[in-house]
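All remarks here apply to the structure that follows.
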Amino acid sequence: MKNKRPQILSADEAIKSLKKGGRIFIDGGAATPFALTKALARNAEQFADNELFHLLSLGDLELASPEYYNKFRDNSFFIGANVRERVQEGNADYTPIFLSEIPRLIRSNAFPVSAALVMVSPPDKNGMCSLGVSVDVALAAVESADIIIAQINKHMPRTFGQSFIPYNSFDYVVEEDHPLPEHAPIVLDEVAQKIGRNVARLIQDGSVLQLGIGGIPDAVLNNLREKNDLGIHTEMFSDGVVDLMKNGNVTNKTKKIIRGRTLSGLCFGTKKLYDYIHENPLIVFYPSDFVNDPFVISQNDNMISVNSALQVDLTGQVCADSMGAKFYSGIGGQVDFVRGASRSKGGKSIIALPSTAKGGSISRIVGELTQGAGVVTSRGDVHYVITEYGVAYLHGKTIRQRAIELIHIAHPKFRDELMEFVKSNRYVYFDQKTFNKEDQYSANWEEDYIFEEKTYTSRPIKITDGKSLQEFFYSLGDETRYQRFYQIVDSMPDEMAQRFVDVDYKDNMAFVVLENEDIGSKMVAVGRYSANKSGNFIDLTFVVQDDYRKLGIGHYLCRKLIEYAKTKNHLHIKAKSFKNNKGIFKIFNDLRDEFLELNTYVKDDFVYFDIKLKKD
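Residue numbers (the working numbering): 78 to 693.
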């Protein structure tokens with residue numbers, strides 16, 4: 078940037094300095110320079126064939142209206158509500174591009190920028206202005222443009238990082254104050270709250286987060302108030318991050334990139350947010366070729382990205398920027414953070430979305446993407462997909478496994494339709510079990526538990542656990558299998574596995590214990606009960622993989638099954654074991670406080686337990 082002597086002019090006078098046929102950058106978000114965009118509209122007659130480009134503008138961008146067609150052509154890198162209809166009508170353009178690559182494009186000779194219109198803070202005593210709430214692509218535009226017009230607004234916060242621009246680098250300055258536009262917190266509905274809880278379960282203490290702006294990110298943040306030492310490395314954020322910083326949940330102490338600081342490219346929220354970031358050294362803003370660089374992102378351990386989608390098909394393809402052939406939003410930073418988080422040690426990339434749209438009339442989990450829809454995130458990139466109905470883990474899974482996982486988190490009323498699709502397309506076995514239309518799985522029974530200083534997860538079994546159950550079965554020693562089935566069972570075909578995972582969560586129930594790995598998890602224990610035909614008692618069984626015995630997992634699993642059985646009014650339990658199994662005696666003796674009665678008798682090689690439970 079050259080050292081200049083800025084002229085202080087009115088907005089109309091400054092705009093008249095621009096020439097026809099040029100490419101004009103307009104800063105976006107809460108940094109949209111409204112004084113300058115309005116002046117462009119007022120002076121449209123002096124322009125012809127000018128391209129206006131921006132990331133995400135706010136307000137009524139009348140410059141994109143048909144009446145200015147021969148004057149200005151709008152080009153959005155991310156489509157906002159104010160230009161969406163015009164893009165879909167063909168009266169404005171959309172450029173799909175990764176956010177991390179926009180600064181490089183702007184600086185290239187193939188994309189000459191004739192002018193940059195930005196809004197900045199007043200200069201400090203050293204003559205430095207701040208780009209404030211929006212550094213992402215604005216810095217590259219300011220450094221590349223032939224002419225820079227700055228609206229100086231005293232309401233723009235002064236932020237740290239790479240937000241500073243010398244006052245004498247501007248060609249023209251327009252002094253006009255107005256409060257920054259605000260994004261009021263969204264009132265969260267029940268669906269968003271459930272999604273937020275499901276996402277939060279995957280976030281551990283010390284995780285580094287990328288979250289956007291909107292209902293689902295707000296819901297996730299609301300569920301992190303019991304987490305510790307979280308970090309923020311994100312392309313954008315809103316008020317929810319401020320609340321967690323004030324509450325002490327976000328410390329940024331575990332980050333490898335700019336440790337101790339919340340890092341972002343832009344922010345958009347309420348005045349509370351703008352006041353908090355003003356001259357706050359704990360928050361820094363950097364351009365998107367740094368913030369969104371997947372290599373930079375991946376250097377943070379336990380990096381978790383949370384992004385949204387319009388549709389996800391049953392192979393895991395994510396459509397995030399179009400509804401059929403109609404462009405709706407943009408690529409943004411989704412792929413940047415999906416790939417960065419995926420490469421991070423302990424990282425997770427998450428796609429979170431409601432299971433339905435249009436008032437519940439259509440499913441967002443679909444057999445095929447709507448004709449004309451674009452794939453933003455490929456099926457190879459997706460790790461987790463989350464709806465209000467649960468979590469589907471796709472990484473390293475076959476098409477058959479993916480389809481089953483995704484149907485499991487679709488809305489119950491669409492599951493049969495989706496199952497018919499995958500059967501007709503041979504994604505799954507012809508005898509694949511169908512799903513219960515009523516969703517009976519309860520995420521409230523999911524729990525992380527520590528055995529021998531290592532965290533394991535217990536949860537109700539899912540119909541998607543067939544393959545994991547088979548792997549668990551084949552990991553058991555011959556003696557362990559014999560003690561579980563009381564006969565020699567040397568195989569578990571798919572039909573048998575499906576039968577074991579197809580529970581009704583009431584009279585037929587199972588819990589699994591999973592050892593958490595960097596990639597996925599491994600089943601190490603299974604406990605189940607099933608009611609007899611008359612329903613007057615349940616049979617209880619459980620088995621722990623040989624290498625995980627004597628950790629207390631069997632005791633824990635038995636207690637879990639008993640607690641659950643009580644909630645379903647099953648108060649009479651029967652169990653059977655070989656009489657030389659000392660472990661089962663110890664477990665039941667340790668749980669005597671739960672029992673009203675405990676009777677045992679021995680017959681041949683077996684011991685039989687008859688247990689009456691206390692009512693809560």
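Glycine included, each C-beta is placed from N, C-alpha and C at the ideal position.
(message) Taking the straight line between their C-alpha atoms, what separation do you get for LEU343 and VAL318?
(response) 13 Å
(request) For the beta strand (DSSP E) holding MET196, just list the boundary residues, first then last. (result) 192-197
(request) Give, in chain order, every unbroken run of the alpha helix (DSSP H) that is at least 4 residues long and sits entirely within the stretch 532-586. (result) For the stretch 532-586, whole alpha helix (DSSP H) runs of length 4 or above, ordered along the chain, are 543-552, 555-562 and 571-578.
(request) Could you tell me which residues DSSP puts in a beta bridge with PRO243? (result) In DSSP, PRO243 forms a bridge with MET205.
(message) Comparing C-alpha positions only, which one of TYR171, ALA602 and ALA218 sits nearest to ILE621?
(response) Note that residue 621 is Val in the sequence shown here, rather than Ile. With distances taken between Cα atoms, VAL621 lies closest to ALA602.
(request) Specify the secondary structure class of GLN228 as computed by DSSP and reduced to three states. (result) strand
(message) Just to confirm the assignment, what range does the beta strand (DSSP E) spanning PHE528 have?
(response) 524-528
(request) Can you tell me which of PRO294, ASN326 and GLU178 puts its alpha carbon nearest to the alpha carbon of ASP282? (result) Selection PRO294, ASN326 and GLU178 evaluated against ASP282 yields ASN326 as nearest (Cα-Cα).
(request) List the endpoints of the continuous alpha helix (DSSP H) containing GLY417. (result) 411-420
(request) Could you have a look at ASP623 and say whether DSSP puts it in helix, strand or coil? (result) helix
(request) Measure the beta-carbon distance from THR447 to GLN388 and round it to whole angstroms, keeping in mind my assumption that it falls under 8 Å. (result) Confirmed, about 7 Å.
(request) Excluding the 5 residues preceding and the 5 following GLY407 in the sequence, name in chain order all residues of the same chain whose CB lies nearer than 6 Å to its CB. (result) PHE155, ILE156 and ASP398
(request) Tell me whether the beta-carbon of PHE655 lies closer than 9 Å to the beta-carbon of PHE686. (result) No, the Cβ-Cβ distance between PHE655 and PHE686 is not below 9 Å.
(message) Per DSSP, what are the beta-bridge partners of SER341 in this structure?
(response) PHE362
(request) For ILE540, count neighbouring Cβ atoms within 10 angstroms of its own Cβ and tell me buried if that reaches 16, exposed if not. (result) buried
(request) Round the Cβ separation of HIS488 and SER432 to the nearest angstrom and send it over; I've been treating them as touching at under 8 Å. (result) 4 Å
(message) Suppose the cutoff is 8 Å on Cβ atoms and the five residues either side in sequence are ignored; what does the same chain contact list for ARG479 look like?
(response) LEU391, THR392, GLY393, ARG456, ALA469 and LEU471
(message) Short of 8 Å in beta carbon distance, which residues of its chain neighbour ILE290, apart from the five on each side in sequence? Order them along the chain.
(response) HIS260, MET313, PHE314, SER315, PHE345 and GLY346
(request) Would you mind giving the Cβ-Cβ distance between GLY209 and MET233, rounded to the nearest angstrom? I have them listed as a contact below 8 Å. (result) Correct: roughly 4 Å between the Cβ atoms.
(request) Just mark GLY409 as buried or exposed, buried being the case when its beta carbon has 16 or more other beta carbons within 10 Å. (result) buried
(request) Would you mind reading off the limits of the alpha helix (DSSP H) that contains MET322? (result) Run containing MET322: 316-324, per the alpha helix (DSSP H) assignment.
(message) Helix, strand or coil, according to DSSP, for SER519 in the structure here?
(response) Three-state result, SER519: coil.
(request) Taking only runs that begin and end inside the stretch 80-104, name each unbroken alpha helix (DSSP H) of 4 or more residues, in chain order. (result) Fully contained in the stretch 80-104 are the following alpha helix (DSSP H) runs of length 4 or more, in chain order: 88-92.
(message) With the cut-off set at 9 Å, would you say SER142 and ARG163 are in Cβ contact?
(response) yes
(request) Report the option in VAL578, ARG150 and LEU553 whose CA atom is closest to the CA atom of PHE566. (result) Just to set this straight, residue 566 is Val in the shown sequence, not Phe. Taking only the C-alpha atoms, the option nearest VAL566 is LEU553.
(message) For PHE367, which residues in the same chain have their Cβ closer than 7 Å to its Cβ, ignoring the five residues on either side in sequence?
(response) VAL373
(message) Which residue marks the beginning of the beta strand (DSSP E) containing ALA652, and which one marks its end?
(response) Note, ALA652: beta strand (DSSP E), 649-655.
(message) For ARG441, count the other beta carbons within 10 Å of its own beta carbon; 16 or more makes it buried, fewer makes it exposed. Which is it?
(response) buried
(message) Quick check: the Cα distance between HIS460 and GLU178, rounded to an integer number of angstroms?
(response) 23 Å
(request) State the DSSP-derived secondary structure class of LEU350, mapped to helix, strand or coil. (result) In the structure shown, LEU350 sits in a helix (DSSP, three-state: H, G or I).
(request) Return the residue from the list GLY292, GLU671, MET380 and LYS637 that minimises the CA-CA distance to ASP306. (result) MET380
(message) Can you list, in chain order, the residues of its chain with a C-beta nearer than 8 Å to that of ALA88? Leave out the 5 residues immediately preceding and following it.
(response) ALA112, LEU113, LYS115, ALA116, GLN228, VAL251 and GLU253
(message) For ARG150, which residues in the same chain have their Cβ closer than 6 Å to its Cβ, ignoring the five residues on either side in sequence?
(response) Closer than 6 Å at Cβ, skipping near neighbours: GLU128.
(message) So, at 6 Å on beta carbons, what are the nonlocal neighbours of HIS74 in its own chain, with the 5 sequence-adjacent residues on each side left out?
(response) In this structure the chain extends from 78 to 693, so residue 74 is not present and cannot be described.
(request) Whole angstroms is fine: what's the gap from ASP213's alpha carbon to THR454's? (result) 21 Å
(request) May I ask you to report which of helix, strand or coil DSSP gives ARG605? (result) Strand, per DSSP.
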